[in-house]
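Colleague: Below is a structure I'd like to ask you about.
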Amino acid sequence: MKSNKFSQACLLDVSGELGTEARGILRDHVETYPAAMLEYDQVLLRFKHLNALPPLESQMDQVSLERMKQQVKQSLHEAVHQQQKTARWRMMRRWFYRSMSIASGVAAAVVIMAGIYIVRQHIQAHQARVMDAENTFQEMAESHLPYQANTPIRLIRTRIEHFGGGNVFDAESGAGSAGIMHLFNALDKIAIPGTEVGESQADNIQ
Amino acid sequence: MDAQAVTVLLAQCQAGDKGAWDALVDAYWQRLYGFAWRSTKNRDLAHDLVQETFLRVVQKLERYDHRDKFDAWLFRILVNLIRDQSRSRVRRPVRSTVVDSSTGAEMTDDIASRTGQPSDPVHHQEDVQRLYEALEQLPEIDRQVLLLRHYGEMPFKDIAKMLHCPLGTVLARAHRALGKLRITMEVSHEVE
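As you go down the protein sequences, you meet chains A and B in turn.
Using the working numbering, read the first sequence as starting at 355 and increasing by one per residue.
Using the working numbering, read the second sequence as starting at 90 and increasing by one per residue.
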């Protein structure tokens, strides 16, 4: 065993910090070697000097010790109280900020939803107005046009009315006969407002 | 106080139980004060430093790692405070006065510690004073180890943890310091 390690082991032993097993080994070593015994005694003697330092109680009266201890306790209570107050205040502030952020989040969501609703309403209203305008325009256009659906037949009917003054032409019954071809040729020669003279309508029917 | 009891006590302290704080002061105050007093040689200053140590515990208890030994943690706070204080004291020396209750006379703390209590039956006052003087002559770190062991009632193992150095180093310091202490005591006896 190295000398310094041995001294340290002795110091641990005299200070009561050595484990049972290690203590047994050390005791065996000390009892075996006289030099080790001498070293052990030296360490023990040195340690006794430390233990000769008087304890606190023997140097100060108990009343003073107790008074100082009470002062420490008092200041500790104040510090604990202050810390609890600070912790409560911090928690309240945290709750306040948390609830404020939740409230502002909800408010923002409401504003966004309302915005979306208003924009959608606006778009729908706009679309309705456009559709209304289209319908109105279409109705107006249709009401001002001279002919609507089946324009060629109507045109023929109008031309017949202009031509014969009372003979109604039945297109379905007579559209394919030779006689009607003559009629068309004759009709083409009649001028109608909005059409050129000689412009054949018979081509459309054919 | 065993580790489990300390853990329970600290949990109660964290919950804000003032009774638990009182129990903590009862358990550690005397050891802390004894160490602080012998380190600073000033009762008032030692009292202030111990008080400050407990206040730091109130502030830092949430950060205390329960794997560390509480004693070591507590004494580390005190040792740091003493170190900070001694640094500032170098710049601005402080000397407190103590009123002698028997005579009413004021005396410096140094003298007060020399006078001691007359009712002390165990120790010879001159020997004790010589021992204190021998302690004063030790390097600070060696003195700290001995005071932590004696007044702090800390095992060398915990002192090593507290000072962040190997156990062998602490034991070597203690061994060397005790050797010097013994030599000083023997020399002063021979002089007489």
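Note that CB positions come from ideal geometry on N, CA and C, so glycine has one too.
Here's a check: name, in chain order, each residue in its chain whose Cβ is nearer than 8 Å to the Cβ of L220/B, leaving out the five neighbours to either side.
Modeller: By one-based count along the second sequence, residue 220/B stands at place 131. Closer than 8 Å at the Cβ level, and outside the excluded window around L220/B, lie L270 and M274.
Colleague: Which residues, in order along the stretch 259-274 of chain B, keep a beta-carbon less than 8 Å from a beta-carbon of chain A?
Modeller: L260, A261, A263, H264, L267, G268, L270, R271 and M274
Colleague: Residue range of the alpha helix (DSSP H) that E222/B falls in?
Modeller: Taking the second sequence and counting its residues from 1, the one referred to as residue 222/B is at position 133. Taken as a continuous stretch (DSSP letters only), the alpha helix (DSSP H) holding E222/B covers Q214 to E225.
Colleague: Considering only C-alpha positions, which residue in the set V259/B, Y122/B and A161/B is nearest to M422/A?
Modeller: Taking the first sequence and counting its residues from 1, one reaches residue 422/A at position 68. Here the closest residue by C-alpha is Y122/B.
Colleague: Helix, strand or coil: which one does DSSP assign to R375/A?
Modeller: Locating residue 375/A in the first sequence gives position 21, counting from the first residue. Residue identity differs from the one stated: residue 375/A is Glu in this sequence, not Arg. If DSSP states are grouped into helix, strand and coil, E375/A belongs with the helices.
Colleague: Hey, how far is the Cα of A363/A from the Cα of R172/B?
Modeller: In the first sequence, the residue the question calls residue 363/A occupies position 9. In the second sequence, the residue the question calls residue 172/B occupies position 83. Approximately 30 Å, taken between the alpha carbons.
Colleague: Is the beta carbon of A266/B less than 8 Å from the beta carbon of L235/B?
Modeller: For this step, residue 266/B is matched to residue 177 along the second sequence. For this step, residue 235/B is matched to residue 146 along the second sequence. Taking 8 Å as the Cβ cut-off, A266/B and L235/B qualify as a contacting pair.
Colleague: Apply the 10 Å Cβ neighbour rule to I248/B and answer buried if 16 or more other Cβ atoms are within range, or exposed otherwise.
Modeller: The residue labelled residue 248/B in the question sits at position 159 within the second sequence. Buried, because 16 or more other Cβ atoms sit within 10 Å of the Cβ of I248/B.
Colleague: Between which two residues does the alpha helix (DSSP H) carrying G105/B extend?
Modeller: Indexing the second sequence from 1 puts residue 105/B at position 16. Membership of G105/B in any alpha helix (DSSP H) is not indicated, and neither H nor E is assigned to it by DSSP.
Colleague: Does the beta-carbon distance from L170/B to E141/B come in below 8 Å?
Modeller: Translated into the one-based positions of the second sequence, residue 170/B becomes position 81. Translated into the one-based positions of the second sequence, residue 141/B becomes position 52. Cβ distance < 8 Å, so L170/B and E141/B count as in contact.
Colleague: In chain order, what residues of the stretch 220-241 of chain B put their CB closer than 9 Å to some CB of chain A?
Modeller: From the stretch 220-241 of chain B, only L220, Y221, A223, L224, L235, L236, R238, H239 and Y240 have a Cβ closer than 9 Å to chain A.
Colleague: What's the gap between the Cα of E493/A and the Cα of I466/A?
Modeller: Position 139 of the first sequence, counting from 1, holds the residue named residue 493/A. Position 112 of the first sequence, counting from 1, holds the residue named residue 466/A. Whole-angstrom Cα-Cα distance: 40 Å.
Colleague: According to DSSP, is H155/B part of a helix, a strand, or is it coil?
Modeller: Mapped onto the second sequence, residue 155/B falls at position 66. It is coil, neither helix nor strand.
Colleague: Please report the distance separating the alpha-carbon of L144/B from that of G257/B.
Modeller: One-based indexing of the second sequence puts residue 144/B at position 55. One-based indexing of the second sequence puts residue 257/B at position 168. If I take the Cα positions, the gap works out to 33 Å.
Colleague: Specify the secondary structure class of N131/B as computed by DSSP and reduced to three states.
Modeller: Indexing the second sequence from 1 puts residue 131/B at position 42. If DSSP states are grouped into helix, strand and coil, N131/B belongs with coil.
Colleague: Under 8 Å, Cβ to Cβ, is there at least one residue of chain A near W110/B?
Modeller: Within the second sequence, the letter at position 21 stands for residue 110/B. It does: the Cβ of W110/B has a partner Cβ on chain A nearer than 8 Å.
Colleague: Hey, which unbroken runs of the alpha helix (DSSP H) at 4 residues or more fall wholly within the stretch 400-431 of chain A?
Modeller: Within the stretch 400-431 of chain A, the complete alpha helix (DSSP H) runs of at least 4 residues are 410-413.
Colleague: Below 7 Å between beta carbons is the criterion; list the residues of the stretch 136-156 of chain B that meet it against any residue of chain A, in chain order.
Modeller: H136, V139, Q140, F143, L144 and V147
Colleague: Tell me which residue opens and which closes the alpha helix (DSSP H) that L235/B is part of.
Modeller: Here residue 235/B is taken as the residue at index 146 of the second sequence, counted from 1. Element bounds for L235/B: E229 to H239.
Colleague: So that I know if they touch, is there some Cβ in chain B lying closer than 8 Å to that of R442/A?
Modeller: Taking the first residue of the first sequence as 1, we reach residue 442/A at position 88. It does not; no Cβ of chain B falls within 8 Å.
Colleague: Considering only the alpha carbon of each residue, which of G108/B, E225/B, D115/B and Q226/B lies closest to E420/A?
Modeller: Here residue 420/A is taken as the residue at index 66 of the first sequence, counted from 1. For E420/A, the nearest C-alpha among the options comes from D115/B.
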